[in-house]
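What follows is a short report on a single structure.
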Amino acid sequence: MKSIAIIGSGICGLSTAYTLVEKGYPVTIYAKDFPPETTSNRAAAFWFPYHIENDLRCIRWSQASYHKYLSLLDNPATGVSMRELQKVTKSSDAPATYWKDFIPAGSCRLMDKTEFPGEFQEGYTIQVPLMETQIFLFWLMDFLSQKGVKFVKDEIKEFSELIAKYSWVINCTGLGSRELCHDQSIYPIRGQVALMAPQKHMPIFLYEEQPFYIVPRKDATIIGGTFEENVWDTTPETATVQRLYQQATDLFPQLADCPVTGSWAGLRPYRKVIRVEQEAGQNIIHNYGHGGSGFTLAWGCAEDIAFMISN
Ligand SMILES: Cc1cc2nc3c(=O)[nH]c(=O)nc-3n(C[C@H](O)[C@H](O)[C@H](O)COP(=O)(O)OP(=O)(O)OC[C@H]3O[C@@H](n4cnc5c(N)ncnc54)[C@H](O)[C@@H]3O)c2cc1C
Numbered sequence: 001m002k003s004i005a006i007i008g009s010g011i012c013g014l015s016t017a018y019t020l021v022e023k024g025y026p027v028t029i030y031a032k033d034f035p036p037e038t039t040s041n042r043a044a045a046f047w048f049p050y051h052i053e054n055d056l057r058c059i060r061w062s063q064a065s066y067h068k069y070l071s072l073l074d075n076p077a078t079g080v081s082m083r084e085l086q087k088v089t090k091s092s093d094a095p096a097t098y099w100k101d102f103i104p105a106g107s108c109r110l111m112d113k114t115e116f117p118g119e120f121q122e123g124y125t126i127q128v129p130l131m132e133t134q135i136f137l138f139w140l141m142d143f144l145s146q147k148g149v150k151f152v153k154d155e156i157k158e159f160s161e162l163i164a165k166y167s168w169v170i171n172c173t174g175l176g177s178r179e180l181c182h183d184q185s186i187y188p189i190r191g192q193v194a195l196m197a198p199q200k201h202m203p204i205f206l207y208e209e210q211p212f213y214i215v216p217r218k219d220a221t222i223i224g225g226t227f228e229e230n231v232w233d234t235t236p237e238t239a240t241v242q243r244l245y246q247q248a249t250d251l252f253p254q255l256a257d258c259p260v261t262g263s264w265a266g267l268r269p270y271r272k273v274i275r276v277e278q279e280a281g282q283n284i285i286h287n288y289g290h291g292g293s294g295f296t297l298a299w300g301c302a303e304d305i306a307f308m309i310s311n
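Counted the way full-length UniProt numbering counts, the sequence shown spans residues 1 to 311.
If you want it as structure tokens, here you go:
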């Protein structure tokens with residue numbers, strides 16, 4: 001059986017490991033940092049194709065991921081649940097119709113103007129998976145441990161450290177690929193969020209253009225966000241946190257009684273063309289550059305990698 005080394009333990013590394021282990025491959029994961037210290041832990045993290053430019057592969061990848069999350073719903077230990085997402089816009093914005101081919105019938109509809117705050121022009125609702133990262137990433141690691149996956153804390157400086165020892169090395173290092181692959185085309189897009197007390201009955205709310213979103217999780221309500229290209233600092237700014245709180249409470253006055261309980265910033269690993277391909281002539285497969293859609297795409301990318309390995 002081919003042996004596999006995966007570098008990286010964010011959603012891309014863990015979903016790739018899960019997919020390969022299910023097919024019987026022995027897997028070792030090498031990572032500089034494990035959850036909760038990954039960018040993936042900073043994600044909101046709901047299924048929604050966000051900031052993806054003309055990449056048709058993303059339709060297939062997002063479809064595969066949507067269905068993977070559906071298959072996990074029966075097990076509450078995963079931290080995956082189905083939630084209503086309300087997506088609003090200030091301009092004319094038709095629903096993305098390609099979803100209709102693969103989401104369950106009736107789970108997307110246009111909203112009436114009375115259903116969302118007045119400053120927006122149009123909106124639709126869609127049922128989407130929400131992955132509570134504070135549960136889901138740890139559940140994935142437990143699952144993989146039980147299946148015999150080994151976890152090694154190590155920063156890999158060169159692929160040559162691993163390629164002689166394994167049949168395949170899968171690079172899921174996100175922003176780390178800037179150094180590991182000398183790839184300057186991957187860069188951070190910082191997202192800052194404020195945290196408020198959990199809200200039981202709120203839908204996920206998304207105004208993508210700004211971007212602004214509210215994500216009610218079990219442990220907190222996440223109020224995001226920002227879209228700051230090439231900013232590496234992960235310290236949240238007080239003025240931004242205050243602005244997010246103000247916008248949230250202006251739109252949803254019921255939040256006004258809830259103080260801000262925390263904040264964080266994460267760096268989306270953005271690359272104009274997401275890199276899922278074999279390094280020419282080598283036993284290395286790359287899987288990085290998923291930007292603001294890592295959770296939305298990861299399981300489809302993992303299936304492509306399993307296919308490459310099987311051939
Ligand atoms: C605020 C915010 C909100 C977001 N919301 C969403 C959302 O709602 N939905 C969605 O789909 N996506 C969302 N995202 C995007 C998502 O978080 C990312 O696309 C995803 O986390 C990228 O995962 P990854 O596994 O590629 O990288 P990471 O999570 O960064 O993992 C990289 C791994 O590689 C390791 N590594 C790096 N270099 C090396 C090395 N040289 N040697 C060994 N290990 C190394 C790291 O330690 C880590 O384990 C959001 C992101 C942010 C910041």
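We put the beta carbon where it would ideally sit given N, CA and C, even for glycine.
Which residues DSSP lists as bridging residue i, in chain order
i, result
"A64", "Partner(s): none; A64 has no beta bridge."
"H286", "N171 and E277"
"Y124", "K87 and L110"
"A265", "Q192"
"E228", "R190"
"L162", "In the DSSP output, where bridge partners are listed per residue, L162 has none listed."
"R271", "I186"
"A31", "K153"
"A5", "T28 and V169"
"L206", "K87 and Y213"
"N46", "Note on identity: in this sequence residue 46 is Phe, with Asn being the wrong assignment. Bridge partners of F46: L130."
"S81", "L130"
"V260", "M196"
"I223", "A194 and I214"
Nearest to residue i (by Cα), restricted to the options the options
i, options, result
"V21", "I4, G10 and E37", "I4"
"I274", "D154, G281 and I285", "I285"
"F143", "E179, N75 and E115", "N75"
"V276", "M1, C12 and E209", "C12"
"S167", "Q282, M202 and A248", "Q282"
"R190", "A64, E155 and T235", "T235"
"R243", "W232, G10, F212 and E229", "F212"
"H290", "V149, T38 and H51", "H51"
"T240", "V193, A197 and L175", "V193"
"T226", "A220, A17, V27 and E209", "E209"
"K87", "P104, T125, F102 and A64", "T125"
"F34", "Y66, A44 and L14", "L14"
"A302", "L140, P259 and T16", "T16"
"S310", "R42, G24, I103 and Y69", "G24"
"C258", "A248, D304 and L162", "A248"
"C58", "F307, M308, G294 and A306", "G294"
"residue 323", "E279, M202, E237 and L110", "The shown model of the chain, from 1 to 311, leaves out residue 323, and the question about it has no answer."
beta-carbon residue i near ligand 1 non-hydrogen atom, thresh 6 Å
i, result
"G262", "no"
"F159", "no"
"A31", "yes"
"A44", "yes"
"F102", "no"
"G191", "yes"
"F295", "yes"
"H201", "no"
"C301", "no"
"L137", "no"
"R268", "yes"
"H290", "yes"
"S40", "yes"
"L144", "no"
"C181", "no"
"I156", "yes"
"S9", "yes"
"G106", "no"
"G148", "no"
"residue 313", "Missing from the structure shown is residue 313; the chain here goes from 1 to 311 and no further."
"C12", "yes"
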